[in-house]
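With this note's numbering as the guide, the letters of the sequence shown map in order to residues 1233 to 1402. Where is the CB? At the ideal position from N, CA and C, for every residue including glycine. Source: prediction; values computed, not measured.
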Amino acid sequence: MRRSLLPLLATGLLAALALGCNQTPKAAGTAIATPKAAPPAAPTQPPAEVGPEVSTKSYDLTLTPDAAGYQAGKQGQVGLTLATHGEWHVNQDYPIRVSLSGGDGLAFPKPELVRADAKTFTEKSASFEVPFTPSAAGDHPVKADVSFAVCTDETCLMQNRTVALKVAVK
């Protein structure tokens, strides 16, 4: 029995080698294809330019310069107003917050304002007088990042909006 098993194994091994090695060997140095890199992402739209007013169906948020103008070394102010439309109202329980910033030439005595700092705070509007002192003449940016909520009887909108303007200092 041992004799008949050996030729059978040898034949099977030769058949496996003949069938399994049906490929031609690659030459040394042949490049192997790699997947192509994904194309670069489409450019995103630049952010909308920030201006002195944001107007929606539910509210207007406005930053206004002082009509008296500004002088270097003297305190001035801008006004910030949130006014709601129609059935919308200012959420009386939401913690309104105003973060102020400007160029190197402006100093804000209080760079963070809250409800207690508001000149007025009613169901339909909120307003702030935002004081600052310019140190030098020229055009200086004033920016207010405002966090607030406006509501109807059915829904509330929590908002984070930015308004900005340039003040001309003499």
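Nearest-angstrom Cβ-Cβ length linking residue i and residue j, presumed shorter than 8 Å
i	j	result
residue 1336	residue 1342	So it is not a contact: roughly 18 Å between Cβ atoms.
residue 1396	residue 1282	5 Å
Neighbourhood of residue i by C-beta, 6 Å cutoff - its chain only, sequence neighbours within 5 removed
i	result
residue 1312	1295, 1360, 1362 and 1376
Beta-carbon spacing of residue i, residue j below 8 Å
i	j	result
residue 1321	residue 1344	no
residue 1299	residue 1369	no
residue 1334	residue 1402	no
residue 1226	residue 1291	The question about residue 1226 has no answer, for the chain in this structure spans 1233 to 1402.
Under the three-state DSSP convention, the category residue i falls into
i	result
residue 1371	strand
residue 1349	helix
residue 1291	strand
residue 1326	coil
residue 1282	coil
residue 1473	Any property of residue 1473 remains undetermined from this structure, which presents the chain solely from 1233 to 1402.
Straight-line Cα distance separating residue j from residue i
i	j	result
residue 1357	residue 1310	17 Å
residue 1374	residue 1367	14 Å
residue 1315	residue 1386	19 Å
residue 1338	residue 1371	10 Å
residue 1319	residue 1288	13 Å
Cut-off 8 Å between Cβ atoms - residues of its own chain near residue i, not counting five sequence neighbours on either side
i	result
residue 1392	1377, 1378 and 1379
residue 1389	1290, 1381, 1382 and 1383
residue 1364	1307, 1308, 1309, 1310, 1332, 1334, 1338, 1339, 1340, 1341 and 1374
residue 1179	Residue numbering for the chain in the displayed model covers 1233 to 1402; residue 1179 lies beyond these limits and cannot be assessed.
Sequence-distant residues of the same chain with beta carbon closer than 7 Å to residue i, five excluded per side
i	result
residue 1398	1371, 1372 and 1373
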